[in-house]
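11 is the number of the first residue of the sequence shown in the numbering used here; add one for each residue after it.
Before any comments, here is the structure.
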Amino acid sequence: MKNRLFNIILVFTVSFGFIVYHFRTVDIATVWDGLKNTNVFWLLGGMLAMFLYWLLEALVLHRISRKVNSRQSVRQSFKITMAGQFFNTITPFASGGQPAQLYMLNKTGMDVGAGSSVLLIKFIVYQAMLVINSLIVLLFGYHYLLNGDIPKLSIMIITGFALNVIVIVALITVGKSKGVASFIVHLLLKPVCFFMKKDKYAALKNTADQKLHSFHLESTRMSFDMKLLLQCSVLTTLQLWLFFSIPYFVLQGVGAPQLDVFQIIAFHSFIIMFSSLIPIPGGSGGAELSFSLLFGLILDPVTLVLSLFLWRFITYYSCILFGSFSLMSKEETAGSLVAAADADTKK
Numbered sequence: 011m012k013n014r015l016f017n018i019i020l021v022f023t024v025s026f027g028f029i030v031y032h033f034r035t036v037d038i039a040t041v042w043d044g045l046k047n048t049n050v051f052w053l054l055g056g057m058l059a060m061f062l063y064w065l066l067e068a069l070v071l072h073r074i075s076r077k078v079n080s081r082q083s084v085r086q087s088f089k090i091t092m093a094g095q096f097f098n099t100i101t102p103f104a105s106g107g108q109p110a111q112l113y114m115l116n117k118t119g120m121d122v123g124a125g126s127s128v129l130l131i132k133f134i135v136y137q138a139m140l141v142i143n144s145l146i147v148l149l150f151g152y153h154y155l156l157n158g159d160i161p162k163l164s165i166m167i168i169t170g171f172a173l174n175v176i177v178i179v180a181l182i183t184v185g186k187s188k189g190v191a192s193f194i195v196h197l198l199l200k201p202v203c204f205f206m207k208k209d210k211y212a213a214l215k216n217t218a219d220q221k222l223h224s225f226h227l228e229s230t231r232m233s234f235d236m237k238l239l240l241q242c243s244v245l246t247t248l249q250l251w252l253f254f255s256i257p258y259f260v261l262q263g264v265g266a267p268q269l270d271v272f273q274i275i276a277f278h279s280f281i282i283m284f285s286s287l288i289p290i291p292g293g294s295g296g297a298e299l300s301f302s303l304l305f306g307l308i309l310d311p312v313t314l315v316l317s318l319f320l321w322r323f324i325t326y327y328s329c330i331l332f333g334s335f336s337l338m339s340k341e342e343t344a345g346s347l348v349a350a351a352d353a354d355t356k357k
């Protein structure tokens, strides 16, 4: 729990520190006046887009989960999704979300091996759609990066895109190759043998092999379900474009003039690609920097700082706020989910 609290404090400190330092010459009174004059309805539209983003992700999880657990409700899927959002936002490289989700899937009665395959298929679909849609944005929006003195950021954005391509290739390899997955699991178990008796270690290894077998059976079965993959791909594409469009609602809310919708969507896609390289939870610092550099090309300083703050709240801090509610239930406790996330991040 202390590590989670530290990460949350770190995120807020880095974000707040960047905003204060980067916009130190901006008049605070002018920013406050701008905040009071924001159009709340546009901001609510941005928050609605974020809620739909969560809902679509929950529907994808529910659709895949139903293949192995017919008892799981949409409400449970949404709760599991929000728990994942919470832990993704407070762990480096969003590494804590899936262990927490796996724990909650197991609490609904799903086998650990089957649950792992559900999360892997879901993650592969998400990464594949992110790569495809980001490529579309890059092809039609890269020229926006040529307007302004941001060549280094352009390199980092391309690097972030390449990293996402590598991730999807690695995920497919693990999902398809039982040998690769078995090698990774056995490698992770190696240090354990020094702290356990031989018979207990053998039992643990046998259990891991059984879960691995279940994992590959379900992964293989679902990977050939083209109807399932198509439905999840469409839902994920809608999810991503809703997320890409959130800055548009924010900029409308602060009264930014002459908005090019696709340019705003392209900029947000670039920010996501760049932030994926930042090891700090939530890409803190990198997200604010890329937002400032890109949107600084089309916004004045006061509008920029307002937009940055509101965008960060809707797309990031709301995940911490609303995601924490999913941990406040009788079925799942925050402590047990933290233990699950910590166990994974320490590996």
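Ideal Cβ positions, reconstructed from N, Cα and C, are used throughout, including at glycine.
Here the structure is a predicted model, which is why all the values come from computation and not from measurement.
Buried or exposed: residue i, going by 16 or more other Cβ atoms within 10 Å of its Cβ?
{"i": "L245", "result": "buried"}
{"i": "L71", "result": "buried"}
{"i": "R322", "result": "buried"}
{"i": "S4", "result": "Nothing can be reported for residue 4: it is not among the residues displayed for the chain, which extend from 11 to 357."}
{"i": "I274", "result": "buried"}
{"i": "I146", "result": "exposed"}
{"i": "N174", "result": "buried"}
{"i": "A124", "result": "buried"}
{"i": "P201", "result": "exposed"}
{"i": "R85", "result": "exposed"}
{"i": "G189", "result": "exposed"}
{"i": "I167", "result": "buried"}
{"i": "M338", "result": "exposed"}
{"i": "L115", "result": "buried"}
{"i": "L238", "result": "buried"}
{"i": "S187", "result": "exposed"}
{"i": "T217", "result": "exposed"}
Residues in its own chain within less than 8 Å of residue i by CB, not counting five upstream and five downstream?
{"i": "N47", "result": "G265"}
{"i": "F325", "result": "First, the residue type needs correcting, since residue 325 is Thr and not Phe in the sequence shown. Cβ within range, chain order: M60, F253 and I256."}
{"i": "I194", "result": "V184"}
In its own chain, which residues sit with a C-beta less than 6 Å from the C-beta of residue i, not counting the 5 before and 5 after it?
{"i": "F253", "result": "Y63"}
{"i": "F88", "result": "A68"}
{"i": "I131", "result": "I74 and M232"}
{"i": "T313", "result": "V264 and A266"}
{"i": "L155", "result": "S164"}
{"i": "F97", "result": "G106, G107, A110 and A351"}
Can you tell me the Cβ-Cβ gap for residue i and residue j, rounded? I've got them flagged as a contact below 8 Å.
{"i": "G170", "j": "F301", "result": "Contact doesn't hold; Cβ gap of about 14 Å is too wide."}
{"i": "I178", "j": "V141", "result": "6 Å"}
{"i": "Q95", "j": "C242", "result": "No, Q95 and C242 are not in contact; Cβ-Cβ is about 18 Å, not under 8 Å."}
{"i": "Q111", "j": "I90", "result": "5 Å"}
{"i": "I308", "j": "A297", "result": "The pair is not a contact, with the Cβ atoms about 18 Å apart (cut-off 8 Å)."}
{"i": "R81", "j": "T118", "result": "7 Å"}
Tell me whether the beta-carbon of residue i lies closer than 7 Å to the beta-carbon of residue j.
{"i": "G56", "j": "L316", "result": "no"}
{"i": "A93", "j": "S334", "result": "no"}
{"i": "L320", "j": "V260", "result": "yes"}
{"i": "L304", "j": "F272", "result": "no"}
{"i": "Q268", "j": "W52", "result": "no"}
{"i": "I134", "j": "L181", "result": "yes"}
For residue i, which residues of its own chain have a beta-carbon under 7 Å away from its beta-carbon, when the five flanking residues on both sides are left out?
{"i": "L248", "result": "L66"}
{"i": "L361", "result": "Absent from the model: residue 361. The displayed extent of the chain is 11 to 357, so no value can be given."}
{"i": "V78", "result": "M120, A124, V128 and E228"}
{"i": "F332", "result": "M92"}
{"i": "S279", "result": "S144, V147 and F254"}
Does the beta-carbon of residue i, which I'm using as the reference point, lie nearer than 6 Å to any heavy atom of the ligand FMN?
{"i": "I176", "result": "No copy of the ligand FMN occurs in the structure displayed, which carries no ligand at all."}
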